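Right, one structure below, let's go through it.
2 protein chains.
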Amino acid sequence: MKLNTKTRYGLRAIIEIAMNSSEHGVLQKDIAQTQNISNKYLDQIIAELKSADLIVNTGGKKSGYKLNGDPKKITAYTVFKAFNSSLQLIDCLSNNECCKTKLCAAQQFWCGLNDHIITYLQSKTLHDLVQEQSKIQKNNDLVMFYI
Amino acid sequence: MKLNTKTRYGLRAIIEIAMNSSEHGVLQKDIAQTQNISNKYLDQIIAELKSADLIVNTGGKKSGYKLNGDPKKITAYTVFKAFNSSLQLIDCLSNNECCKTKLCAAQQFWCGLNDHIITYLQSKTLHDLVQEQSKIQKNNDLVMFYI
DNA sequence: TTTGTATCCTACTAATCCGATAGGATAATA
DNA sequence: TATTATCCTATCGGATTAGTAGGATACAAA
Numbered sequence: 345m346k347l348n349t350k351t352r353y354g355l356r357a358i359i360e361i362a363m364n365s366s367e368h369g370v371l372q373k374d375i376a377q378t379q380n381i382s383n384k385y386l387d388q389i390i391a392e393l394k395s396a397d398l399i400v401n402t403g404g405k406k407s408g409y410k411l412n413g414d415p416k417k418i419t420a421y422t423v424f425k426a427f428n429s430s431l432q433l434i435d436c437l438s439n440n441e442c443c444k445t446k447l448c449a450a451q452q453f454w455c456g457l458n459d460h461i462i463t464y465l466q467s468k469t470l471h472d473l474v475q476e477q478s479k480i481q482k483n484n485d486l487v488m489f490y491i
Numbered sequence: 345m346k347l348n349t350k351t352r353y354g355l356r357a358i359i360e361i362a363m364n365s366s367e368h369g370v371l372q373k374d375i376a377q378t379q380n381i382s383n384k385y386l387d388q389i390i391a392e393l394k395s396a397d398l399i400v401n402t403g404g405k406k407s408g409y410k411l412n413g414d415p416k417k418i419t420a421y422t423v424f425k426a427f428n429s430s431l432q433l434i435d436c437l438s439n440n441e442c443c444k445t446k447l448c449a450a451q452q453f454w455c456g457l458n459d460h461i462i463t464y465l466q467s468k469t470l471h472d473l474v475q476e477q478s479k480i481q482k483n484n485d486l487v488m489f490y491i
């Protein structure tokens, strides 16, 4: 069970965009630099965020990206789905061969885990993450100041 | 994010063993049949359960497998670890490059998900699963009776 | 208008992982 | 002795994935 890198990078990227959405927007190449991701690879990640309508490029090429919508309404699950279509820990969750008919305790158990994970992903909004991130950064600045 | 089949099959197999541990034990080939898993493939799964000390083959070849220990003390996480060494949704959880130093909100978030999943896995014991399974089977029998 | 630069879009590749099969050794039972 | 179940290792095809590459497009500054 592993999270793919696109989801990881994607969340980091959209947090950075969300943190600067009030201003002019963020350039892709700047994200690549601060997040230390190959700009070419970020190409694909940005593209997926855009096609999921999570970000917009407001004024042409050099205007930078902004969040498309209220950060309090965009959850981590929304971001997750932009890169994973949906969460299915085990295949038989999609067809109705099991789980729905509740054939065995094991599958019920994995179904429960699936729901559990989705609930967690839905519980955090981009607004929450932005707040946490700025707290972290303030802390870092403080430490830097004392050193 | 996917669960591998060994973990899926493994849990189903150990539930079946746990359900018959009081009696004579369960033969591998019988598990293969009832769970509809290739017996050759089950070879590997049983081997991993054994090397994790979760099951034992008490009296030689034809005696069948039994649970090694109290089903109330064996959690789903224990079974999971027999097939996955440990849960690390993202790589940097293992090295201390992040998460411990709390560099970014995204990684804290994934850490949290990781813990969340482990908590869920630890919350269910084999005893719970056995009870659920027998309830399901009783229900099925009842339905069969009325048909 | 030209040049540079950022985004956009598609294809590709190398590597890794994974599910499953195969073959044969070992040991217990009949 | 013959059979059968477990044990053990090797292998293979396929799928996925992280990341690279190349070039098209479009905008802005010179």
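For the protein sequence lines, the chains are A and Y, in the order given. The numbers in my numbering rise by one with no breaks, and the one at position 34 of the first sequence is 378. The numbers in my numbering rise by one with no breaks, and the one at position 51 of the second sequence is 395. Heads up, the beta-carbon is just placed ideally off N, CA and C, and yes, glycines get one too. Computed from a predicted structure; not experimentally measured.
| request: Measure the alpha-carbon distance for GLN481/Y versus TYR421/A and round it to whole angstroms. | output: Straight-line Cα distance between these residues: approximately 35 Å.
Checking the sheet assignment: what are the DSSP bridge partners for THR419/A? In the DSSP output, where bridge partners are listed per residue, THR419/A has THR469/A.
Using three-state DSSP, classify ASN401/A as helix, strand or coil. Reduced to three states, the DSSP call for ASN401/A is strand.
inquiry  = Against ASN428/A, what residues of chain Y qualify as contacts under a CB-to-CB distance less than 8 Å, listed in chain order?
reply    = Within 8 Å of the CB of ASN428/A, the CB atoms of chain Y belong to MET345, in sequence order along the chain.
Worksheet item: Near GLN477/A, which residues of its chain fall below 7 Å by C-beta distance, leaving aside the five closest residues on each side in sequence?
Response: Cβ neighbours of GLN477/A beyond the five flanking positions: ILE359 and MET363.
Worksheet item: Just reading off the alpha helix (DSSP H) that LEU386/Y is part of, what are its end residues?
Response: Element bounds for LEU386/Y: 383-395.
Determine the contact status of LYS346/A and ILE434/Y, defining contact as a CB-CB distance below 9 Å. Between LYS346/A and ILE434/Y, the C-beta spacing is below 9 Å.
For chain Y, is any of its Cβ atoms less than 9 Å away from the one on HIS460/A? Taking Cβ atoms only, chain Y reaches closer than 9 Å to HIS460/A, which makes this a yes.
| query | Can you give the Cα-Cα distance for HIS460/A and GLY403/Y, rounded to whole angstroms? | reply | Roughly 41 Å separates the two Cα atoms.
Check whether the region 383-396 of chain Y touches the region 468-475 of chain A, taking contact to mean three or more Cβ pairs, one atom from each stretch, closer than 8 Å. Fewer than three Cβ pairs drawn from the region 383-396 of chain Y and the region 468-475 of chain A lie within less than 8 Å of each other, which leaves the two stretches out of contact.
What does DSSP give as the partner residue(s) for LEU411/Y in the beta ladder? For LEU411/Y, which the question treats as bridged, DSSP gives the partners ILE399/Y.
Practice task
Rounded to whole angstroms, what's the CA-CA distance from ILE375/Y to PRO415/Y? Just pull it up for me.
Solution key: So the alpha carbons of these two residues sit roughly 18 Å apart.
Can you list, in chain order, the residues of its chain with a C-beta nearer than 8 Å to that of GLN388/A? Leave out the 5 residues immediately preceding and following it. The residues are LYS350.
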